Amino acid sequence: MKMRSFGKLGIQGSAFGLGCMRFPMKKVDGKDVVDEENAVKIIRTAIDGGVTYLDTAYVYLGQQSESVVGRALQDGYREKVTIATKLPTWMVEKEEDMQRFFDEELERLQTDHIDFYLVHSLNKERWPKIKALGVCRFLDRLKKEGKIRYACFSFHDDYEAFETILNDYDWDMVQIQYNYMDVENQAGTKGLELAGKKGIPVVIMEGLLGGRLAVAPDNVQALYDAFPVKRSPVEWAFRWLCNHPQVATVLSGVTTPDQVRDNLRIFDSVEPGCMSQEELDLIDRVRDAYNSRIKVGCTGCAYCMPCPQGVDIPGAFSAWNNASLYSGLKKGDAGYAKLAGAGNSPTNCVACGACEAACPQHINIIEQLKCVTRDLA
Ligand SMILES: NC(=O)c1ccc[n+]([C@@H]2O[C@H](COP(=O)([O-])OP(=O)(O)OC[C@H]3O[C@@H](n4cnc5c(N)ncnc54)[C@H](OP(=O)(O)O)[C@@H]3O)[C@@H](O)[C@H]2O)c1
């Protein structure tokens, strides 16, 4: 296992960090519960293979993840790893709630301290709210008391929000969604570089876009097949991430012991600067090949919103593009079903045209919404 630098913290961690959000599940009395035997096997196989960083959260797996991790870390395993877990930002209503959640997390994890404590899933709305509730004071105090080693946040929003939050507190680490398709999305490459300039280590989530980059569509696979060095799509994705020196750890949520073993193998040979120019060019072509499957050039600016009929227009186009890029268009698509379930279905459209008048991309929204329904409903 390659070890990597955590920037200004002056410590090292394993290149592969185990994401504890995707363990196998089973049904017990009609309820979804973690298949603990297999989850513990996955966690211990990862640690025995050199993983030193585990990422969990209060809310993962119906709030079962932390307890399963806590049990897996008995028998001497706790001492071999650093634990990252998260304050459920959106569940905090008053300052005292933060301590209550934290104490519960220590108990579930069966530990007396958390190494990396993250304010979970910050964005431009949540940051001012949780800040006003005293989260900076709370993190400072936990550090002083030795209850946490590092104060951190995870992030889902755009670059501008990232820059604001990053510059608003003395953060020890940040966790961002990043992969070769998200270079201009979320915090993006600009965010990664900004954190790097400040010496703040960056932990990566969704390096495979939640698994969507693990299986290449035909036009992408053809590019991989034509390249002289043969690697799986998973290996290319992780290799590309580890090429960046600002990246401290790449989280991977795994669902089987085989995936753990595959990732242990991959992260044994990747380090900053490991990719040649030819390999970087290949990934640029892979990105172009994915993007050539985009259905509609919606940028998600939401100038078209709110729709008087409640249609989530950017959401519908995003579901259509995502389905086309990564999973192939198919009826009953989950992204589309989510919109329909929330009452924001494209079928609500009455062709009033208010959206088309507002769209800076001049998309013929009324016609395109019909195509979304045709392809995905
Ligand atoms: N803080 C936040 O807001 C936030 C948000 C998202 C994630 N996270 C954290 O980040 C971690 C990583 O994110 P992620 O789980 O979305 O990571 P990811 O690496 O993008 O996707 C994980 C999925 O990739 C597939 N996979 C992994 N290794 C593979 C292999 N060797 N071969 C084939 N497929 C493989 C599996 O898909 P299949 O199950 O389909 O096989 C797995 O479920 C999470 O587990 C969680 O701890 C945090």
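Per our numbering: the sequence shown ends with 1483, consecutive numbering throughout. The C-beta atom is built at its ideal place from N, Cα and C for all residues, glycine as well. Just so we're clear, the structure is a prediction, and the values are computed from it rather than from any experiment.
Per DSSP, the unbroken beta strand (DSSP E) holding Ala1190 starts and ends at Thr1188 to Leu1193. In this model, Lys1436 and Ile1153 are separated by some 39 Å (Cα to Cα).
Fully contained in the segment 1204 to 1250 are the following alpha helix (DSSP H) runs of length 4 or more, in chain order: 1232 to 1238 and 1241 to 1250. Judged by their CB atoms, Asn1450 and Asp1481 are not nearer to each other than the 7 Å cut-off. In its chain, beyond the 5 residues on either side, His1262, Asp1263 and Ala1267 have a beta carbon closer than 7 Å to the beta carbon of Asn1229. Short of 7 Å from the beta carbon of Pro1307, and not among the five residues preceding or following it, lie these beta carbons of its own chain, in chain order: Phe1112, Gly1113, Leu1115, Met1279 and Ala1354. Of the other Cβ atoms in all chains shown, fewer than 16 fall within 10 Å of the Cβ of Met1197; this residue is therefore exposed. In the structure shown, the three-state DSSP call for Arg1318 is coil. Looking at Val1402, Val1326, Cys1258 and Ile1471, the one whose alpha-carbon comes closest to that of Cys1458 is Ile1471. Distances taken from the Cβ of Gln1365 to the heavy atoms of ligand 1 include one shorter than 6 Å. Residue side-chain check: Asp1263 keeps its Cβ at 6 Å or more from all non-hydrogen atoms of ligand 1.
Under DSSP, the beta-bridge partners assigned to Val1140 are Met1131. Counting C-beta atoms within 10 angstroms of its own C-beta, Glu1341 has 16 or more neighbours from the protein chains shown and is therefore classed as buried. DSSP places Ala1257 in the uninterrupted beta strand (DSSP E) bounded by Ile1254 to Phe1261.
The alpha-carbon of Trp1426 is positioned some 26 Å away from that of Ile1310. By the criterion of a C-beta distance shorter than 7 Å, Cys1410 is surrounded in its chain by Ile1419, Cys1461, Ala1464, Cys1465 and Ile1471, once the five residues flanking it on both sides are discounted.
Your pair His1219 and Ile1254 checks out as a contact, with CB atoms roughly 7 Å apart and the cut at 8 Å.
When the Cα atoms are used, Leu1357 and Val1392 turn out to be separated by approximately 22 Å. With a beta-carbon spacing of about 6 Å, Trp1277 and Ala1257 fall inside the 8 Å limit used to define contacts. Asn1454 and Leu1475 have their alpha carbons spaced roughly 10 Å apart. Around the beta carbon of Pro1412, a 10 Å sphere encloses fewer than 16 other beta carbons of the protein chains shown; the residue is thus reported as exposed.
Of the residues Thr1405, Met1107, Pro1414 and Tyr1432, the one whose Cα lies closest to the Cα of His1468 is Thr1405.
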